[in-house]
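Visitor: So for the sequence shown, the UniProt record's numbering puts the first residue at 1; every next one is plus one. The following block contains the structure, expressed as structure tokens.
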Amino acid sequence: MLDDNTWCFDQFNILPTRQLFFGIHRSQSWNSILRPVSDICLCFHVIYRAHCDIALYQTSDKTSFAYISARDRWPVILTGAIDDLHKAIGKTEDSEKLAEGKSIVSELAKLKYELQHDRQLTPLADDGQGDIEGYNKELEQLGNPKWFEVPWLFSECYLYRRMATLFKLSKHWKNYDVFNKQKMSTFRSSRPAVLELASRYNELTKQLSSKSSTSQSEEERIAAEKVLFTEMCEICLWGNATDLSLLTNLTYEDIQKLQGSKARKAAEKNIIANDFDAAFEILKSAQQSGVKERRVDIVLDNAGFELFVDVILAGYLLQAGLATTVVLHPKNIPWFVSDVVPKDFSDLLTVLVNAKHFYESPSEDDEAKGVTPAKLSDQESSDMQELFQNWSSLYAEGKIVLRPNKFWTEGGSYWRLPGTAESLFGDLKESELVIFKGDLNYRKLTGDAAWDPTTPFTQAIGPLGPGSGMRTLALRTCKADVVVGLKQGEDERLREMEGGGGDSGARKWAWSGKWAVVQLCDGKK
């Protein structure tokens, strides 16, 4: 019998009724616990248990977005990847590269067939990246499951990791990002919001740099700073409304509706848990303390417009003195369609410096429709050049840093961070605040488990919670079932709204990205 003072690690082995529990007293530190069991944590789902097991979302659950993702979204994504690569193959005259590309297309088609026909997940080929053994061990411990009887988080990570191996093991396509054209196309469609924010950011940096005296009191000035901080964070929060892996059929007009200042103002009421004020107090207190080196980390989500607003936030934090360094954490392989890889950052800077060419040149779709893009005004072109100068300088000076790590593309939750990525965890603890962007990061923080929605966020992130030494801020528009930290009755209220799920057993309100949570845990306390 387990009492209230016991933590548990649940080892789920999808073999007949076998479960193994490791009971650990709360007086023990997380590091002392996780270090000796890190190999176990690498292979199994680590879930906090308080009197009962917390189930993981499964692709077999037809009331969850996991099932819909596996049945509907993933085949479309694979089809898009096949089409993209097929077009790229058609442009090469190298016979060896051509044959290799066709082989990758065949393997992608095979993966799609296995998924749609509910075949077993097969071991991954070792591409030398250092994480394949962990994936295959976990796959074995899950009992070599089929696509529609497997934990959602692991299977979705497996899907993209398997796709990546096909390219990494090739000679001519090793660094090819099958999702790059989609990312750039969506960023092109975000033109109005990009131009608006570029202008506003440039004006803001001038105001922050001038440090002109005002008649405001200290209290009034800090209150104004808090409002500005909140607005910049809200821009960053709603930027991931362009998540390509979830919104695969948006038109140009649809994307515009998701962005721009009017859309942000209308969406403020849809933040159902909001810790922006507490996050500001942390950064402001650090600034006032006189500490010279103050770092903020952003674990990135999507490229394109969302990366653009993430760097907007990074630049603002630096210009406002709320941070002296901002570390951006991209993925090291193409991931979940639109996730940031290092090249996406350099592509973003290239767009800024060549904005006229990027926005005025017809895309393939434009050419097919006979559409000629509108020209940029001289002011718009100047704004983009000015933004490029600002960001490239911050990057050159080491104030904006890119730091990829293979941990971000492993198959498990972030509960494993202290035990399986000790160096990364130690580095993140040096930060004043670690901001996790987007839905996947939230799922990984909470173990993608079916928590009661009133469970405190600080509890649901387990070893990253109080006493961990790391401050966590999750910025997430909800696009999956898991949600925590809600007020009593809030989940029920949202379910009762039109399209919210009602009595169906499905939490449909949490699938669309209409609602958001901003949740903080001060692990330094």
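Yeah, the Cβ is synthetic: ideal placement off N, Cα and C, and Gly gets one too.
Going by the beta-carbon positions, is the gap between I435 and L475 smaller than 9 Å?
Guide: yes
Visitor: How is I333 classed by DSSP in three states: helix, strand or coil?
Guide: DSSP places I333 in coil when its eight states are reduced to three.
Visitor: Taking the straight line between their C-alpha atoms, what separation do you get for I68 and E219?
Guide: 50 Å
Visitor: Taking the alpha carbon of K174 as the reference point, which residue from K181, L204, Q129 has its own alpha carbon closest?
Guide: Q129
Visitor: As an exercise, report each continuous beta strand (DSSP E) stretch of at least 3 residues that is fully enclosed by the segment 137 to 183, in chain order.
Guide: none
Visitor: So G411 and Y158 are in contact, right, with Cβ under 8 Å, and what is the actual spacing, rounded?
Guide: 6 Å
Visitor: Quick test of the definition: if touching needs 3 or more C-beta pairs under 8 Å, does the segment 347 to 366 touch the segment 426 to 434?
Guide: no
Visitor: Buried or exposed for E234, please, with buried defined as at least 16 other CB atoms from any protein chain shown within 10 angstroms of its CB.
Guide: Buried is the call here.
Visitor: Under the three-state reduction of DSSP, which class applies to P75: helix, strand or coil?
Guide: helix
Visitor: When you compare each of A278, A198, A273, E203 to V227 by their alpha carbons, which one comes out closest?
Guide: Measuring from the Cα of V227, the nearest candidate turns out to be A278.
Visitor: Please tell me whether P334 and A460 are closer than 9 Å, where the distance is taken between their beta carbons.
Guide: In this structure, P334 lies away from A460, with their beta-carbon atoms at least 9 Å apart.
Visitor: Could you give the residue range of the beta strand (DSSP E) that holds L433?
Guide: 433 to 437
Visitor: So within the segment 399 to 471, which uninterrupted alpha helix (DSSP H) runs reach at least 4 residues, ignoring any that extend past its ends?
Guide: 417 to 420, 422 to 428, 438 to 445, 457 to 460
Visitor: Can you tell me whether K525 is helix, strand or coil according to DSSP?
Guide: coil
Visitor: Is the segment 322 to 337 touching the segment 188 to 208, taking contact as three or more C-beta pairs under 8 Å?
Guide: Between the segment 322 to 337 and the segment 188 to 208, the count of C-beta pairs closer than 8 Å stays below three; the two stretches do not touch.
Visitor: Roughly how far, in whole angstroms, is the beta-carbon of P346 from the beta-carbon of N302, given that I think they are within contact range, below 8 Å?
Guide: First, the amino acid is wrong: residue 346 is Ser here, not Pro. Not confirmed; about 16 Å, so no contact.
Visitor: What is the DSSP secondary structure of G321, reduced to helix, strand or coil?
Guide: coil
Visitor: Considering Cα atoms alone, identify which of N274, G419, E149, A55 is closest to G485.
Guide: For the residues N274, G419, E149, A55, the minimum Cα distance to G485 belongs to N274.
Visitor: Starting from A273, trace the beta strand (DSSP E) both ways and give me its first and last residue.
Guide: 271 to 274
Visitor: Between which two residues does the beta strand (DSSP E) holding R295 run?
Guide: 295 to 299
Visitor: If you draw a straight line from the alpha carbon of Q116 to that of G398, how long is it in whole angstroms?
Guide: 46 Å
Visitor: Between the Cα of V76 and the Cα atoms of L111, K62, S60, which residue gives the shortest distance?
Guide: L111
Visitor: Grab me the residues of L352's own chain with a C-beta within less than 6 Å of its C-beta, minus the 5 sequence neighbours each way, in chain order.
Guide: If we look at L352 and ignore the five residues flanking it on each side, its Cβ neighbours are M384, L387, F388.
Visitor: Compute the Euclidean distance between the alpha carbons of G467 and G426, then round it to the nearest angstrom.
Guide: 13 Å
Visitor: Could you give the DSSP three-state label for N302: helix, strand or coil?
Guide: strand
Visitor: Our contact map puts I104 next to S170 with C-beta atoms below 8 Å; I'd like the distance itself, whole angstroms only.
Guide: The distance from the Cβ of I104 to that of S170 is about 6 Å, consistent with a contact at the 8 Å cut-off.
Visitor: Would you identify the three-state DSSP class for D503, choosing helix, strand or coil?
Guide: coil
Visitor: Can we count R443 as close to the ligand NAP, meaning its CB is less than 8 Å from some heavy atom?
Guide: In terms of ligand content, the structure shown is empty, and the ligand NAP therefore cannot be addressed.
Visitor: Quick one: grab the DSSP three-state call for D339.
Guide: For D339, the three-state secondary structure derived from DSSP is strand.
Visitor: Quick check on E219 - is its C-beta less than 9 Å from some C-beta in chain C?
Guide: The structure shown has no chain C; it contains just one protein chain.
Visitor: Short check: CB of G370 to CB of W415, under 9 Å?
Guide: no
Visitor: Measuring alpha carbon to alpha carbon, tell me which of M497, K146, K375, P342 ends up nearest Y395.
Guide: P342
Visitor: Just to confirm before moving on: does the CB-CB distance between D481 and Y57 stay below 9 Å?
Guide: For the 9 Å CB-CB criterion, D481 and Y57 form a contact.
Visitor: Once DSSP output is grouped into helix, strand and coil, what is the label at Q519?
Guide: Judged by DSSP in its simplified three-state form, Q519 adopts strand.
Visitor: So who's on the other strand from R476, going by DSSP bridges?
Guide: V517
Visitor: If you draw a straight line from the alpha carbon of N354 to that of V296, how long is it in whole angstroms?
Guide: 29 Å
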